[in-house]
Amino acid sequence: LVNGEPATLGLRRALIIYIDHRFEVITRRTQFQLSKARERAHILEGLRIALEFLDEVIQLIRNSESADAARTGLMERFGLSQVQAQAILDMQLRRLAALERQRIEDEYQEIMSRIAYYEDLLAHPEKIRALIREDILMLREKFGDERRTRIAYDANGSLNDEDLIANDNVFISYSAGAYIKRMKAEVFRAQGRGGRGIKGMATRDEDTVISLLFARNLDYILFFTNTGRVYSSRVYELPEGSRTSRGAHTANVLNLQPNETVSTMMIVPDFDQAEYITLLTRLGRIKRMELSAFSNIRASGLIAMNLDENDSLDWARLTHGDEEFIIASRNGKALRFHEDNVRPMGRTAAGVMAMRLLDDDEIVSIDVVKPDHELLVVHSRGWGKRVSLDEYNAKGRYTQGNWTTDHRRLEEVGPVVAARVVHPQDQITIMTSNGIVLRTPVHGISRMGRATRGVRIVNLQGDDAVAALAVITHEDLTRGVDGGTEDETLAGESTLNVNGAGGNGTVEVDGAGMVVSGEIDEIIDDELDEIDPAAPEAESETV
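Heads up: the sequence shown begins at 7 in the numbering used here, then just goes up one per residue.
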């Protein structure tokens with residue numbers, strides 16, 4: 007803007023306008039400084055008169071009936087202004103000392119010199135321009151370092167959005183009301199087993215967070231829906247929200263069909279990181295297909311799996327073709343089998359049955375078996391344990407599997423909420439239906455036999471219940487899950503996964519049909535009740 011109007015400027019014209027602006031600024035500044043200096047000199051002149059006739063001034067003030075009378079007397083006797091007379095009345099007695107009197111005289115002489123300088127500067131515009139030149143030279147001396155960028159005249163290629171986006175760690179939350187947002191990763195801090203947690207989610211308009219995912223900005227994210235379709239996006243394209251924001255509705259993010267909702271999400275850092283993707287429904291139907299089939303998904307989505315009526319696609323896992331699955335059910339069964347039991351299929355295939363479910367039982371989670379890992383089983387009433395994966399013998403597909411809890415005490419400890427493959431150095435985050443969040447290291451949870459109820463992991467109040475479980479792998483912890491660096495590349499499979507969302511960076515609706523109460527954005531770190539992670543396990547009930 008030039009004089010309040012937009013204008014296109016050449017380099018010479020821009021420099022002239024800048025110099026004129028600096029000239030006006032220095033002129034106004036000098037006029038202001040001159041005005042203040044004259045005001046101070048006026049007061050000092052009055053003080054000099056008072057010090058010259060000190061005895062007479064003191065006698066006049068002592069004989070006056072009031073301060074107003076003294077001020078009037080000073081003005082009439084010595085020809086002072088009201089400001090000067092008031093300054094004399096306000097002068098402290100200590101300023102009558104010889105040293106203070108000299109300081110007043112020195113200040114007056116300095117003020118008069120400054121007044122002469124300001125008047126001379128305003129009277130000679132060429133001196134103002136010389137001052138502008140000195141200021142510019144000073145800026146060059148202070149900030150004139152070497153260029154930090156390189157001008158490449160022979161550069162090839164083009165710049166895209168990914169080149170300008172920092173590959174930071176983020177959390178992605180998804181609510182029952184279909185609102186999604188991307189948050190910075192500084193959310194949770196660890197506590198010891200048996201802690202009461204922190205207030206992490208507060209109900210807002212009856213909406214609840216049901217999914218939580220840890221990812222990097224440049225990762226791909228696959229959205230699987232209840233109707234068996236899949237959509238794709240980059241993580242940085244998701245709306246960013248603060249801890250107090252609600253996020254954006256998925257209808258504004260994805261081109262969903264009527265009555266279609268997101269049921270599970272999967273992070274894919276690179277489509278070459280795995281050969282296969284395995285899908286599992288709530289009623290136990292499983293399907294394996296090549297991951298490359300999802301590398302180029304159009305905006306309207308693709309069919310990932312044909313579903314039966316009343317079934318929904320709730321889990322997705324990445325594998326390399328030579329791994330084993332372990333599936334857990336709500337009523338405490340666990341089945342381990344090799345992925346070869348599920349042949350690769352096309353996108354439109356309906357899949358095969360994975361586990362034989364009895365009565366009203368349903369799947370709560372699926373995970374990939376890993377070396378040096380264990381199975382963490384968590385019940386709705388806060389009980390849980392670690393179990394060696396060796397206790398689960400590999401069986402054929404579509405069998406009942408083994409008990410993974412003391413089924414005779416299932417009513418006491420509640421149904422299984424999640425069964426996750428974890429490493430002792432991992433950490434877990436437990437979220438309850440009343441909005442409490444507890445993060446604790448896995449090694450603080452007792453390792454026990456397969457057919458036991460376990461120990462109390464979280465103390466629940468009233469009718470509160472465990473609603474979801476998230477795992478932060480030790481690989482992610484070493485990368486800095488609470489912040490990380492921009493240069494790191496997520497080469498591994500795991501991410502922060504909500505209950506039912508196993509390794510390979512996946513997350514989905516809670517496997518037990520329960521939801522987390524409230525918004526994850528209400529985490530209050532200063533209310534964290536720190537518990538010693540090394541607390542003795544004797545304090546917990548075990549069987």
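Ideal placement from N, C-alpha and C gives every residue a C-beta, glycine not left out. Values in this document were obtained by computation on a predicted structure and should not be read as measured data.
Using CA atoms only, rank isn't needed, just tell me which of the options is closest to residue i.
i: Glu315; options: Arg294, His326, Ile273 and Thr287; result: Thr287
i: Gly388; options: Asn69, Thr438 and Arg453; result: Thr438
i: Asn440; options: Gln467, Glu418 and Ala457; result: Gln467
i: Val419; options: Ala471, Asp61, Glu368 and Tyr404; result: Ala471
i: Leu285; options: Asp317, Arg35, Gln263 and Ala474; result: Asp317
i: Asn465; options: Arg453, Ser386 and Ala457; result: Ser386
i: Ile138; options: Leu444, Thr270 and Asp26; result: Asp26
i: Asp469; options: Arg156, Leu57, Ile442 and Thr479; result: Ile442
What is the residue span of the beta strand (DSSP E) that residue i lies within?
i: His48; result: First-last for His48: Leu17 to Glu58, but that is the alpha helix (DSSP H), not the beta strand (DSSP E).
i: Ser394; result: Trp389 to Ser394
i: Leu444; result: Ile442 to Pro447
i: Arg188; result: Tyr185 to Lys190
i: Arg342; result: Lys339 to His344
i: Met437; result: Gln433 to Thr438
i: Val176; result: Asn175 to Ser181
i: Ile227; result: Tyr226 to Thr231
i: Ala400; result: It is not in any beta strand (DSSP E) - Ala400 carries neither H nor E in the DSSP assignment.
i: Leu286; result: Tyr282 to Thr287
i: Ile94; result: Unbroken run through Ile94 is the alpha helix (DSSP H), Gln88 to Asp96; no beta strand (DSSP E).
i: Leu382; result: Glu380 to His385
i: Leu552; result: Residue coverage of the chain in this structure runs from 7 to 549, which leaves residue 552 outside it and unanswerable.
Leaving out the 5 sequence neighbours to the left and right, which residues in its chain are closer than 6 Å to residue i when beta-carbon positions are compared?
i: Leu308; result: Val236
i: Leu66; result: Gly79
i: Tyr242; result: Ile171 and Asn223
i: Glu46; result: One point to set straight first is that residue 46 is Arg, not Glu, in the sequence displayed. Taken in chain order, the residues that qualify are Ile117.
If we ignore side chains and look at the alpha-carbon of each, how far apart do residue i and residue j end up?
i: Arg28; j: Glu132; result: 13 Å
i: Leu381; j: Thr354; result: 32 Å
i: Trp321; j: Ile303; result: 19 Å
i: Arg107; j: Tyr114; result: 11 Å
i: His48; j: Arg135; result: 30 Å
i: Ser164; j: Gly352; result: 37 Å
i: Asn337; j: Val375; result: 21 Å
i: Asp391; j: Thr267; result: The sequence given here has Lys at residue 391, not Asp. Spanning the two alpha carbons is a distance of roughly 33 Å.
i: Phe149; j: Val31; result: 22 Å
i: Val176; j: Val384; result: 26 Å
i: Arg294; j: Pro350; result: 5 Å
i: Gln406; j: Glu368; result: 12 Å
i: Thr233; j: Ser306; result: 14 Å
i: Asp276; j: Phe300; result: 11 Å
i: Leu50; j: Asp61; result: 18 Å
i: His449; j: Ala158; result: 53 Å
i: Glu125; j: Arg34; result: 13 Å
i: Leu363; j: Leu341; result: 11 Å
i: Phe84; j: Ile55; result: 8 Å
i: Val422; j: Asn166; result: 46 Å
i: Thr14; j: Leu143; result: 27 Å
i: Ala129; j: Phe59; result: 37 Å
i: Ser248; j: Leu218; result: 15 Å
Hey, could you find the ends of the alpha helix (DSSP H) residue i is sitting in?
i: Arg240; result: Looking at the DSSP string, Arg240 is not in any alpha helix (DSSP H); the run it does join, the beta strand (DSSP E), is Arg235 to Arg240.
i: Thr78; result: Ala73 to Phe84
i: Arg426; result: That residue, Arg426, is in no alpha helix (DSSP H); its beta strand (DSSP E) goes Val422 to Val428.
i: Tyr123; result: Ala104 to Ala129
i: Val259; result: Segment: none, Val259 is in no alpha helix (DSSP H) and carries neither H nor E.
i: Glu329; result: Unbroken run through Glu329: none, as it is neither H nor E.
i: Val464; result: It is not in any alpha helix (DSSP H) - Val464 carries neither H nor E in the DSSP assignment.
i: Glu417; result: Leu416 to Val419
Skipping 5 residues on each side, what residues in its chain have a beta carbon closer than 7 Å to that of residue i?
i: Asp366; result: none
i: Gln92; result: Arg77
i: Val8; result: Ile23
i: Asp396; result: none
i: Ile372; result: Leu286, Trp321, Arg323, Phe331, Ile333 and Gly508
i: Leu53; result: Ala93, Ile94, Met97 and Ile110
With DSSP as the reference, label residue i as helix, strand or coil.
i: Ala13; result: coil
i: Ser164; result: coil
i: Met351; result: coil
i: Val8; result: strand
i: Ser298; result: helix
i: Asp373; result: strand
i: Glu552; result: No answer is possible for residue 552: the residues shown for the chain start at 7 and end at 549.
i: Asn265; result: coil
i: Ala136; result: helix
i: Ala309; result: Correcting the residue type first, residue 309 is Ile in the shown sequence and not Ala. Residue state, collapsed to three classes: strand.
Just to confirm my understanding: we take residue i, look at its own chain, exclude 5 residues before and 5 after, and list those with CB closer than 8 Å. What are they?
i: Tyr185; result: Asp213, Arg252, Gly253, Ala254, His255 and Thr256
i: Ser239; result: Tyr226, Ile227, Phe229, Val259 and Leu260
i: Ala345; result: The sequence shown places Glu at residue 345, not Ala. Around Glu345: Tyr282, Thr284, Arg294, Thr325, Gly327, Asp328, Glu329, Glu330 and Phe331.
CB of residue i to nearest heavy atom of the ligand GDP: below 7 Å?
i: Thr287; result: Among the ligands in the structure shown, none appear at all, so the ligand GDP cannot be discussed.
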